[in-house]
Structures are given as C-alpha cells and as structure tokens.
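Residue numbers (our numbering), protein chains in the order written: chain A, 5 to 120; chain B, 95 to 350. We put the beta carbon where it would ideally sit given N, CA and C, even for glycine. Step one of this worksheet: look at the structure below.
Below you can see the structure in the form of structure tokens.
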C-alpha cells in the first residue's frame with residue numbers, strides 16, 4: 005500500500021492507495037500517532053485508491069478517530085471506492101465515521117469546525 | 095461498478111439458478127470474514143450475472159455465525175455445523191448445497207482477491223475447462239508477505255505431490271478453485287478427506303476421472319492470522335497423501 009501525507013489549512017490529510025490490511029495498518033497507526041500529538045487534531049483520510057480494507061485497518065482508523073475526538077479534534081474519511089463503502093456498511097462503521105465524497109469538502113468542514 | 099447492482103443483490107432474491115455460487119468455509123472467522131464478504135459482494139454484484147454466496151460454517155466457537163446472520167443479505171446462505179469437521183467438510187457441504195452453474199470456493203481472508211475469479215471464469219466458461227484453480231506457483235502469480243519457511247515447504251510439497259500422486263498441478267493448496275457444477279458434485283461426493291489437504295484428493299480424483307484442469311496464476315497475499323501451521327501441514331499432507339493412494343488401491347474411488 006502507498007501513503008502520501010500533506011497539510012491543508014492545518015488539516016492533516018493522509019491519502020492511501022492499494023490494499024489497506026494488517027500489513028499496512030501499523031504504518032497508518034504510526035502516522036496517526038505523529039499527527040494526533042498536537043491537539044485538537046484535525047485529520048482527513050482519503051481512501052480513493054483503496055480497493056480493500058480488512059479488520060486490522062478498520063481498527064487503525066477507529067483508534068485514530070477516538071484519539072482525535074479525545075483531544076476535541078476530529079477525523080473524517082473521504083472518497084471511498086465501492087468495495088470499501090460496502091465493507092463500511094456491513095461492519096456498520098459507516099455510522100461511526102463521517103464520510104465525504106470529496107477531500108476538499110472534508111477539509112473545508114474541518115476548517116469551518118475550527119472557526120466556529 | 096454500480097452500487098445499485100449491489101443494493102439489488104442485497105435486497106432481492108435472484109431469479110432462477112445462479113451463474114456462480116461462491117462458497118466460503120469458515121471456522122472462527124469473526125475478525126476476517128465480513129470485509130471479505132463485502133469485497134466479494136461488490137465485485138460479483140457488478141458482474142451482471144446472478145450469483146449466490148454460501149458461508150459454510152465449520153462449528154465456529156466465536157461469533158462468526160451471528161455476524162454473518164446479522165448481515166441481512168438475502169442471497170447469502172449460512173450453513174451451520176454442530177461441530178468442527180475440518181475445512182474439507184465445510185467446503186463439501188457448501189459445494190453440495192450450491193445451485194450455480196459454476197462453483198468457486200475461496201478462503202475467508204480474501205488472500206486471493208475476488209477479482210481473480212474473472213480469469214478462472216474465462217477458463218471454464220470460454221475455454222471449456224472443467225476446473226480452474228488459482229495457483230501461486232504458475233508463471234505470473236504474485237505472492238506477498240509469505241514467509242521463507244512456507245515458501246520452502248510449499249516447494250517441497252509440490253515436488254512430492256507431482257512424483258507420488260502424478261497430479262500435474264503445481265499448487266494444490268491455494269484456496270481459490272472454480273468448478274463446473276457437474277465436476278464439483280461428482281468430485282466432492284467422492285471426497286473422503288475432510289481436513290486441510292482435501293484439495294489434494296479432489297485434484298487426484300479430477301486427474302483420475304479425466305477432467306480438464308487449468309492452473310491460473312493469481313495474486314495471493316498472506317494474511318496474518320492464518321490457521322495453517324507449516325510443520326503440522328507437512329505431516330498431515332504426507333499422511334493424507336498415503337491415505338489417497340491406499341483409498342485408490344482399495345477401490346474406494348471406483349464408484350466416483
């Protein structure tokens with residue numbers, strides 16, 4: 005799996021592509037650790053290139069979201085491919101996360117959230 | 095890919111017999127099975143043909159059964175087992191319950207991505223093979239995260255199988271195999287080995303009965319949490335190999 009990170013308006017964005025599984029989850033968790041050290045952490049994970057996500061990867065995302073929320077921050081997801089969207093639905097994690105179709109909207113929502 | 099197609103498959107029973115039945119044997123798969131079902135449902139719903147999914151539980155002691163039941167997918171059938179009978183027994187129950195023209199069995203961890211079924215389908219539906227098996231040994235296969243020990247043992251087993259059973263297949267154990275309905279029923283009805291190396295018996299029988307078998311290179315990603323112990327695997331494999339030879343000498347397969 006490949007991961008590319010950037011910062012947009014103080015929002016940390018992680019873009020992933022490939023198979024997001026237990027082999028890839030530790031690197032994502034490490035990135036989460038690095039960006040949630042500063043609070044409130046505002047994070048967007050862009051899954052546009054991910055075609056499969058397993059339970060370990062879902063667990064890494066849930067942990068990251070919890071860490072963000074503990075520090076009054078937030079983690080949003082965006083750009084889910086159909087298989088990943090279905091996996092989120094079947095695991096009912098679509099109810100736990102806020103998911104956007106576009107990265108720009110997710111980033112804007114987090115930016116607005118800070119202003120308000 | 096169309097989400098609407100998935101939604102229809104999720105809510106409306108398919109009409110007539112399925113083109114493909116997918117069988118997943120499952121033993122204590124609460125951690126791995128739901129994402130795999132999601133990936134399969136997404137890909138095959140987009141294929142345009144009618145298909146069904148069968149989860150053949152093998153007496154799981156965790157929440158696998160409850161999780162699968164809770165998915166509320168109308169074209170998914172869950173086969174329960176009162177006790178653990180081995181992977182081969184779960185696959186057998188699933189295959190014999192399947193209604194599809196073609197029957198795939200695949201592992202619960204999505205170690206061979208479901209997209210690879212397209213290559214196998216071409217072999218049976220277009221090229222006229224009776225069986226298409228995913229192979230990690232054929233030229234063009236991609237293996238990821240497989241330990242050197244498992245690679246070494248697999249290579250040794252392949253040589254052993256070729257020389258002892260004369261099964262002309264490089265990788266008998268990849269958990270991704272597609273059969274015509276007739277071949278699947280005949281072979282699994284004659285199956286006597288219910289443990290891990292049941293594939294070996296199925297392929298031995300297939301060669302004995304003259305079925306055409308295509309070995310198709312597939313991607314394979316070793317998923318952590320595999321229940322296969324390499325050393326035990328070799329011991330069981332050798333024992334089952336002898337059982338198969340003895341079965342044949344005793345005429346056990348004569349009525350297959």
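- Sorting A/94, A/78 and A/23 by C-alpha distance to the C-alpha of residue 166 of chain B places A/94 at the top.
- Of A/103, A/55, A/104 and A/35, the smallest CA-CA separation from residue 71 of chain A is found for A/35.
- The DSSP-derived three-state label of residue 102 of chain A is strand.
- Under the Cβ distance rule, residue 144 of chain B does not count among the residues neighbouring chain A, no pair being separated by less than 8 angstroms.
- For residue 57 of chain A, the uninterrupted beta strand (DSSP E) segment begins and ends at 46-57.
- The secondary-structure analysis by DSSP pairs residue 103 of chain B with nothing; it has no beta-bridge partner.
- Within the same chain, 189 and 190 come within 8 angstroms of residue 279 of chain B by CB-CB distance, once the 5 residues on both sides are set aside.
- Identification of chain A residues near residue 165 of chain B by a Cβ-Cβ cut-off of 8 angstroms yields 94, ordered along the chain.
- Contact between the stretch 111-119 of chain B and the stretch 68-84 of chain A is absent: fewer than 3 CB-CB pairs across the two stretches fall below 8 angstroms.
- Secondary structure note for residue 200 of chain B: its beta strand (DSSP E) is the uninterrupted segment 196-200.
- Between residue 163 of chain B and residue 112 of chain B, the C-beta gap is not smaller than 8 angstroms, which leaves the two residues out of contact.
- Contact between residue 203 of chain B and residue 317 of chain B holds: their C-beta atoms lie close to 4 angstroms from each other, under 8 angstroms.
- Straight-line measurement puts the Cα of residue 290 of chain B at about 48 angstroms from the Cα of residue 45 of chain A.
- Counting along the chain, no alpha helix (DSSP H) covers residue 165 of chain B, and no H or E run does either.
- In this structure, the alpha-carbon of residue 197 of chain B lies about 19 angstroms from that of residue 304 of chain B.
- With its beta carbon at least 8 angstroms from every one in chain B, residue 43 of chain A lies outside the interface.
- At least one C-beta of chain B is nearer than 8 angstroms to the C-beta of residue 87 of chain A.
- Ranked by Cα distance from residue 77 of chain A, the first of A/85, A/40 and A/62 is A/40.
- By alpha-carbon distance to residue 52 of chain A, the top candidate from A/89, A/10, A/74 and A/98 is A/89.
- Unbroken alpha helix (DSSP H) runs of no fewer than 4 residues, entirely contained in the stretch 111-193 of chain B, are found at 127-139, 158-163 and 181-191, following chain order.
- The beta-carbon of residue 132 of chain B is placed less than 8 angstroms from the nearest beta-carbon of chain A.
- Counting along the chain, the unbroken alpha helix (DSSP H) around residue 88 of chain A starts and ends at 86-94.
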